[in-house]
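Input: a single structure, listed below in structure tokens.
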Amino acid sequence: MRLAAWLLLLHLRVPSSTAATSNLVAFVSHTNKSKLQKRYTQTNINMSTPVSMDSPSAHRNKDPIWQVIQKEILTLLPKDQLTVMEIAAGCGVHCEHFASKMNEMNPNLKLKWYPTDPDPPSLQALQERISNLGNVKLKKSIQTLPLTLNEEGIMEDETSKIIHQHSESEDPIHFMMCINMIHISPWTATLGVFHVASACLAKDGVLMTYGPYKENGTAVESNLRFDASLKSRNVEWGVRDIEKVIDVAESKGFSLKQKIEMPANNLCLIFQKKE
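FYI, in mature numbering (1 follows the signal peptide of the UniProt record, and there is no 0) the residues of the sequence shown are -19 to -1, 1 to 256.
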């Protein structure tokens, strides 16, 4: 099946954001960068062709997630200057909404936003969405980056260089978000999220994850069905045990600040870097 058709089919079947569907392409068991390059060169995508992509589920959950960011996360972050990294940004619905809201709250905010994704069509759609922003200042504050994760972190050299330079400067990354990725990617991608967060987030920086989880080995019936459906497509996917995610976070120097129940049986987990 051609890549575009495969993505469209899964986008229609999986009840999650475009951020999640984009992960289906490249958050796989890559073992080295030559395989990553081969994966991309075999997709036969004409990157000069405009891509029209949207995510109804991202539009549905963007406001509830924004309420969490506004009320629970921004209070933990710097007020005048903020650098944000978004994992699996998909076609950019969340990036556009959250960055615009932050700019509305504080027009003088020095904002830098890195929406990332492993999937070239999603990145193109993301770039098109950002280019259509009416606010020139906001548009300039957003830089899209290709990003694929394994347990050791970022696989793309140039992206890794850009992101890791913040850990060695006076302009660290303050906030990382990962929406609807953990359950629809290999476990190694989750390890990669916390590896990057540990290396690049400022002291007291915040990592937020959003999606379905199991607790004590079980979940509501709809999430158990979703888990079975995911595993039937790829044995490396699945609704994760929240206890295992928290264990990884703690091993990387994070503490769980809050667990917030969200619509459609999802959770927002807010982690803060301890050192």
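Heads up, the beta-carbon is just placed ideally off N, CA and C, and yes, glycines get one too.
Through-space distance from residue 214 to residue 155, alpha-carbon basis:
Counted from its first residue, the sequence shown places residue 155 at position 174. Counted from its first residue, the sequence shown places residue 214 at position 233. Residue 155 and residue 214: Cα-Cα distance of roughly 35 Å.
With 7 Å set as the bound, which would you pick, yes or no: does the beta-carbon of residue 59 sit closer than that to a beta-carbon of chain B? You won't find chain B in this structure, because it holds only one protein chain.
Got a sec, what are the start and stop residues for the beta strand (DSSP E) residue 98 sits in?
Position 117 of the sequence shown, counted from the start, is the residue given in the question as residue 98. Note, residue 98: beta strand (DSSP E), 91 to 98.
*With a 10 Å radius around its C-beta and 16 neighbouring C-beta atoms as the bar for buried, classify residue 166 as buried or exposed.*
As a first step, residue 166 must be located in the sequence shown, where it is residue number 185. Residue 166 comes out buried.
Could you tell me whether the Cβ atoms of residue 175 and residue 220 are closer together than 7 Å?
Looking up residue 175 in the sequence shown gives position 194. Looking up residue 220 in the sequence shown gives position 239. Result no, Cβ atoms of residue 175 and residue 220 do not sit closer than 7 Å.
Beta-carbon separation (whole angstroms), residue 75 vs residue 106, contact threshold 8 Å
Here residue 75 refers to the residue found at position 94 of the sequence shown. Here residue 106 refers to the residue found at position 125 of the sequence shown. The Cβ separation is near 13 Å, so there is no contact.
Whether or not the region 56 to 75 and the region 103 to 117 are in contact is what I'm after, with contact meaning three or more pairs of Cβ atoms, one per stretch, closer than 8 Å; do they touch? yes
Please identify the residue among 60, 248, 42 whose C-alpha is closest to the C-alpha of residue 189. Indexing the sequence shown from 1 puts residue 189 at position 208. When only C-alpha atoms are compared, the closest one is 248.
| message | Quick check on residue 157: buried or exposed, where buried means 16 or more other Cβ atoms within 10 Å of its Cβ? | response | Position 176 of the sequence shown, counted from the first residue, corresponds to residue 157. Residue 157 comes out buried.
Per DSSP, the bridge partner or partners of residue 62
For the purposes of this step, residue 62 is taken as residue 81 along the sequence shown, with counting starting at 1. 91.
Since residue 187 contacts residue 251 with CB under 8 Å, what's their CB separation in whole angstroms?
Your numbering for residue 187 matches position 206 in the sequence shown. Your numbering for residue 251 matches position 270 in the sequence shown. About 6 Å separates the two Cβ atoms, so the contact holds.
Grab me the residues of residue 199's own chain with a C-beta within less than 8 Å of its C-beta, minus the 5 sequence neighbours each way, in chain order. Here residue 199 is taken as the residue at index 218 of the sequence shown, counted from 1. Same-chain partners within the cutoff: 205.
Review point. With DSSP run on the structure shown, which of helix, strand or coil describes residue 159?
Key: Along the sequence shown, one-based indexing puts residue 159 at 178. The answer is strand: DSSP assigns residue 159 an E or B state.
| said: I need the boundaries of the beta strand (DSSP E) containing residue 239, first residue and last residue. | reply: In the sequence shown, the residue the question calls residue 239 occupies position 258. Start and end: 235 to 243.
Pick out whichever of 151, 126, 90 has its Cα sitting closest to the Cα of residue 102. Against the sequence shown, residue 102 aligns to sequence position 121. That would be 126, whose Cα lies nearest to the Cα of residue 102.
Backbone secondary structure at residue 189 - three-state DSSP
Counting from 1 along the sequence shown, the entry for residue 189 is found at position 208. Three-state result, residue 189: strand.
Residue 185 burial status per 10 Å Cβ neighbour count (16 or more: buried):
The residue you call residue 185 lines up with position 204 of the sequence shown. Exposed is the call here.
Open item on the list: Mapping the DSSP letters down to three states, classify residue 76 as helix, strand or coil.
Closed with: Translated into the one-based positions of the sequence shown, residue 76 becomes position 95. If DSSP states are grouped into helix, strand and coil, residue 76 belongs with the helices.
Return helix, strand or coil for residue 127, following the three-state DSSP convention. Taking the sequence shown and counting its residues from 1, one reaches residue 127 at position 146. Here residue 127 sits in strand by DSSP.
Same chain, Cβ closer than 8 Å to residue 236, neighbours up to 5 away in sequence not counted
Reading the sequence shown from its first residue, position 255 is the one you call residue 236. Closer than 8 Å at the Cβ level, and outside the excluded window around residue 236, lie 230, 252, 253, 255.
- Identity of the residue in 117, 181, 116 nearest residue 148 by Cα: Along the sequence shown, read from residue 1 onward, the residue named residue 148 stands at position 167. Per the Cα distances, 181.
(message) Distance check for residue 211 and residue 217, CA to CA, integer angstroms please.
(response) Reading the sequence shown from its first residue, position 236 is the one you call residue 217. Reading the sequence shown from its first residue, position 230 is the one you call residue 211. Taking the straight line joining both Cα atoms gives about 9 Å.
In this structure, does DSSP put residue 215 in helix, strand or coil?
As a first step, residue 215 is located in the sequence shown; it is residue number 234 there, counting from the start. Correct three-state label for residue 215: coil.
Through-space distance from residue 63 to residue 17, alpha-carbon basis: The residue you call residue 17 lines up with position 36 of the sequence shown. The residue you call residue 63 lines up with position 82 of the sequence shown. Here residue 17 scores only 39 on pLDDT, less than 50, and its place in the model should not be relied on; the value that follows carries that caveat. Answer to the nearest angstrom: the Cα atoms are 31 Å apart.
Alpha carbon to alpha carbon, how far is residue 224 from residue 77? Give it in angstroms, no decimals. Stepping through the sequence shown from its first residue, residue 77 is reached at position 96. Stepping through the sequence shown from its first residue, residue 224 is reached at position 243. Near 32 Å, if we compare the C-alpha coordinates of residue 224 and residue 77.
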